[in-house]
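Trainee:
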Amino acid sequence: MHIAGQLNWINELPDATRAAVRERFSYRDLQPGDVIKESGQPAEGMYQIQSGYIKLLADRPDGEQSLLLIYIRGNCFGESTLIARRPHHHTTIAATPVRIGFLKQEDFDELYRAHPAIPEALCRKFAKALSSMIAYREKQNETTVAQRVALVLRNLAEMSETPQIGSRRTIDVPITIAELSSFLGLTRQTVQKEISALKRRNVIAKSQGSWTVRDMAALSMLAPADDELNALV
């Protein structure tokens, strides 16, 4: 039940293939709130995060958006739209200052045909994505609400680029109660109740808009073992 994970298939490629891919990238810098792609837009290329965090959002019938995933440094996204020749199904926005690499459709297609390691790596990524979505559904039925909230907070802390100092680790991914609620499919009141319980137990704290896990060991004890990576493409 991960909200963020390692989705860097480019790093799995042989050295020569990886270098060929990186030679084709162009780069740009974004500010928080900048939209990278919107749901329904035609695909123009794929992306890789060089620094910062990006949020993947789904449009809801009520006009609001739900948080599906947080992309971290190294994550690649947008490849499935290029292969399937379809528009984007979701919206991505910069959650922090971000630097992204962009590989346009024509270059992706050429590299895909020329380097067999690329479709092989993507096949592994998509297979993991399917397995992870099934595991996520199963995990929902096997865990309590408290465990699910603890799992997500633990995942956010472990994926943050801040160092752990003693038992403490600051979550440098900006995220709200509303976003946690939408990701977990719970009401804000339900998530807030669990967050308040963790605060009372001195496991987490919030200061100046940032979450800090005050006791990583205690949080890990509350979050059941979960080896699956949530890999949404």
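In our numbering, the protein residues as written are 125 to 357. For glycine and all other residues, C-beta sits at the position ideal for the given N, C-alpha and C. Being a predicted model, the structure only gives us computed values, none of them experimental.
(1) Of all the options Glu266, Gln271, Ile295, Ala241, which has the alpha carbon lying nearest to the alpha carbon of Glu282?
(2) Under a three-way DSSP split, which group does Arg237 fall into?
(3) Could you give the distance in angstroms between the alpha-carbon of Asp183 and the alpha-carbon of Ser331?
(4) Quick check on this structure: which residue in Arg148, Leu346, Gln155 has the alpha carbon closest to the alpha carbon of Ala268?
(5) Please give me, in chain order, every unbroken run of the beta strand (DSSP E) with length at least 3 that falls completely inside the stretch 269 to 314.
(6) By how many angstroms is the C-alpha of Val159 removed from the C-alpha of Asn265?
(7) Going by the beta-carbon positions, is the gap between Ala329 and Ser291 smaller than 8 Å?
(8) Between the C-alpha atoms of Thr220 and Thr141, what's the straight-line distance to the nearest angstrom?
(9) Less than 8 Å between the C-beta atoms of Leu304 and Val315, yes or no?
(10) Mark Arg210 as exposed unless 16 or more other C-beta atoms lie within 10 angstroms of its C-beta, in which case mark it buried.
(11) Between Cys200, Ala245, Ile217, Ala208, which lies nearest to Phe226 when the distance is taken from Cα to Cα?
(12) On the CB-based measure, 16 or more other CB atoms within 10 Å of its CB, does Gln288 come out buried or exposed?
(13) For a test of the three-state rule: what should DSSP assign to Asn354, helix, strand or coil?
(14) Should Leu343 and Ala270 be called a contact, given that it needs their Cβ atoms to be closer than 8 Å?
(15) Going by DSSP, what residues sit across from Thr216 in a beta bridge?
(16) Does the beta-carbon of Ser255 have 16 or more other beta-carbons within 10 angstroms, so that it is buried, or is it exposed?
(17) With respect to 7 Å, is the separation between the Cβ of Asn132 and the closest non-hydrogen atom of the ligand HEM below this value?
(18) Measuring CB to CB, does Ser175 end up less than 8 Å from Val222?
(19) Would you check if the distance between the CB atom of His213 and the CB atom of Glu162 is smaller than 8 Å?
(20) Distance, Cα to Cα, Tyr195 vs Gly164?
(21) Tell me which same chain residues have a C-beta within less than 6 Å of the C-beta of Val357, skipping the five on either side of it?
(22) Suppose the cutoff is 7 Å on Cβ atoms and the five residues either side in sequence are ignored; what does the same chain contact list for Ala302 look like?
(23) Could you tell me whether the Cβ atoms of Ile242 and Arg152 are closer together than 8 Å?
(24) Nearest-angstrom Cα distance between Leu171 and Gly202?
Mentor: In terms of the structure at hand:
(1) Position 158 of the sequence shown, counted from the first residue, corresponds to residue 282. The residue with the shortest Cα to Cα distance from Glu282 is Ile295.
(2) Here the question's residue 237 lines up with position 113 in the sequence shown. Three-state DSSP puts Arg237 in a helix.
(3) What you label residue 183 is simply residue 59 of the sequence shown in a count that begins at 1. What you label residue 331 is simply residue 207 of the sequence shown in a count that begins at 1. Answer to the nearest angstrom: the Cα atoms are 30 Å apart.
(4) As a working mapping, residue 268 is identified with position 144 in the sequence shown. According to the sequence shown, residue 268 is Thr rather than Ala. Taking only the C-alpha atoms, the option nearest Thr268 is Leu346.
(5) 293 to 295
(6) In the sequence shown, the residue the question calls residue 265 occupies position 141. In the sequence shown, the residue the question calls residue 159 occupies position 35. One C-alpha to the other measures close to 34 Å.
(7) For this step, residue 329 is matched to residue 205 along the sequence shown. For this step, residue 291 is matched to residue 167 along the sequence shown. In this structure, Ser291 does not lie closer than 8 Å to Ala329 by Cβ.
(8) Position 96 of the sequence shown, counted from the start, is the residue given in the question as residue 220. Position 17 of the sequence shown, counted from the start, is the residue given in the question as residue 141. Near 30 Å, if we compare the C-alpha coordinates of Thr141 and Thr220.
(9) As a first step, residue 304 is located in the sequence shown; it is residue number 180 there, counting from the start. As a first step, residue 315 is located in the sequence shown; it is residue number 191 there, counting from the start. Against a cut-off of 8 Å, the Cβ pair of Val315 and Leu304 comes out as a contact.
(10) Taking the first residue of the sequence shown as 1, we reach residue 210 at position 86. Under this definition Arg210 is an exposed residue.
(11) Residue mapping note: residue 226 aligns to position 102 of the sequence shown, counting from 1. When only C-alpha atoms are compared, the closest one is Cys200.
(12) Mapped onto the sequence shown, residue 288 falls at position 164. Exposed, because fewer than 16 other Cβ atoms sit within 10 Å of the Cβ of Gln288.
(13) Here the question's residue 354 lines up with position 230 in the sequence shown. With a pLDDT of 40 at Asn354, under the threshold of 50, the modelled position of this residue cannot be trusted; read the value that follows with caution. Residue state, collapsed to three classes: coil.
(14) Within the sequence shown, numbered from 1, the residue matching residue 343 stands at position 219. Within the sequence shown, numbered from 1, the residue matching residue 270 stands at position 146. Between Leu343 and Ala270, the gap from beta carbon to beta carbon reaches 8 Å or more.
(15) As a working mapping, residue 216 is identified with position 92 in the sequence shown. Partner residues in the beta bridge of Thr216, as assigned by DSSP, are Lys161, Leu180.
(16) Within the sequence shown, numbered from 1, the residue matching residue 255 stands at position 131. Exposed, because fewer than 16 other Cβ atoms sit within 10 Å of the Cβ of Ser255.
(17) Of the ligands one can find in the structure shown there are none, so the ligand HEM has no counterpart to examine.
(18) For this step, residue 175 is matched to residue 51 along the sequence shown. For this step, residue 222 is matched to residue 98 along the sequence shown. A contact, by the Cβ cut-off of 8 Å.
(19) Numbered from its first residue, the sequence shown carries residue 213 at position 89. Numbered from its first residue, the sequence shown carries residue 162 at position 38. Their beta carbons are not under 8 Å apart, which means His213 does not touch Glu162 by this criterion.
(20) As a working note, residue 195 is residue 71 in the sequence shown. As a working note, residue 164 is residue 40 in the sequence shown. Each residue's alpha carbon lies about 20 Å from the other.
(21) Here the question's residue 357 lines up with position 233 in the sequence shown. With a pLDDT of only 39 at Val357, under 50, the local geometry of the prediction cannot be trusted, and the value read off the model is given with reservation. Correct list, in chain order: Ser204, Ala253.
(22) On the sequence shown, position 178 is the one that residue 302 refers to. Around Ala302: Arg312.
(23) Locating residue 242 in the sequence shown gives position 118, where the first residue counts as 1. Locating residue 152 in the sequence shown gives position 28, where the first residue counts as 1. No, they are not a contact pair.
(24) By 1-based counting over the sequence shown, the position of residue 171 is 47. By 1-based counting over the sequence shown, the position of residue 202 is 78. For the record, residue 171 in the displayed sequence is Tyr; it is not Leu. Distance between the alpha carbons of Tyr171 and Gly202: 6 Å.
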